[in-house]
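Below is one structure; the comments refer to it alone.
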Amino acid sequence: MTDLADQGFHRVIRVKAETARLAEIRRFVEEAALEAALDLERVFDLKVAVSEACANAVEHAGCEEVPLEVCARLQARRLTFIVTDTGLFRPPSPPRESFHNRGLGLPLMVALMDEVSFARSPGGGTTVSLSVLLDRGAAIPV
Amino acid sequence: MDVTVTKLGETLLLETTGDIDRNVCGPVEEALNEAIADGTDTVLLDLRQVTYIDSGGLSVILSGVRRLRERGWLGVIGPNSNVRRLLEIVGLLVDPNFRVFEDEEAARTALGDRVTT
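Here the protein sequences line up with chains A and B, keeping their order.
Mapped onto my numbering, the consecutive letters of the first sequence carry residue numbers 194 to 335.
Mapped onto my numbering, the consecutive letters of the second sequence carry residue numbers 1047 to 1163.
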């Protein structure tokens, strides 16, 4: 385990709320997860979960002018990504026939993460927290 | 995102590379829709060079499987272990109209079996 994984860190990325920025967010997630010394499978899980949360935020925040913020925090051997959009929730519009992924994002987040939580931000946006425990294997009672 | 359409025997084989996320999955969806609209009962998607897939890409596959429900199946070739895990989470691995092949040879064998039975 690296020193960094034990010391913890905190970093933030802010991008325009558009799906074209998802790949950039995934690189941010990958770098943070690797620094936390997670194995490649968990790194992949985090990329999927955070990317899905961001995609939902883009879809529902509905305004590219409002930045999408992803915060990575490693503390007490828990790596948490907090996805915050400051837009007002609205149903996706216009409905697109080719957009069949309704309902898949949330099950993926729940299946891949150790903890998932949603909250309304004080400013009116939505916050999604996605966490993995660095010692997950050791923490599970036999 | 580029999609190359070739054939394995008589079966359409779609090849693509990199990340299949919702931002770039359009060409895969179009190629798949076109193949299915042509009346084919079997389509193969080569995932050997695909490193990442999100719910947008998974939905394209699920949609293809649904559309082939009454007449055949959709097969993927060589998904990496991470992509395969996501296919499992969304229920594709237990779908009778979906198949996973380790490599092209396994797909060819399955197609051969299907033709002769």
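C-beta: ideal position from N, C-alpha, C; glycine also.
A quick note: this is a predicted structure, and the numbers were derived from the prediction, not measured.
The alpha-carbon separation between residue 1087/B and residue 1149/B amounts to approximately 20 Å. Chain-ordered, the chain A residues with CB closer than 7 Å to the CB of residue 1136/B read 297.
Between residue 212/A and residue 251/A, the C-beta spacing is below 9 Å. A distance below 9 Å separates the beta carbons of residue 222/A and residue 265/A. At a Cβ-Cβ threshold of 9 Å, residue 1066/B and residue 1110/B do not count as neighbours. In chain order, 241 and 301 make up the part of chain A whose C-beta sits under 8 Å from the C-beta of residue 1132/B.
In this structure, the CA atom of residue 1107/B is about 15 Å from the CA atom of residue 1069/B.
The beta carbons of residue 246/A and residue 321/A sit closer together than 9 Å. At a cut-off of 9 Å between beta-carbon atoms, residue 237/A makes contact with chain B. By the Cβ-count criterion, residue 312/A is exposed, with fewer than 16 other Cβ atoms from all chains shown falling within 10 Å of its own Cβ.
Contact check for residue 271/A against residue 327/A passes: the beta carbons are separated by less than 9 Å. Within chain B, the residues 1067 and 1100 have their CB atoms less than 8 Å from the CB of residue 244/A, given in chain order.
Ranked by Cα distance from residue 228/A, the options 241/A, 248/A and 204/A are led by 204/A. Remark: C-beta atoms of residue 1151/B and residue 1095/B do not approach each other more closely than 9 Å. Going by beta carbons, residue 248/A and residue 235/A fall outside the 9 Å limit. Burial is judged here by how many other beta carbons sit within 10 angstroms of a residue's own beta carbon; residue 219/A has at least 16 and is buried.
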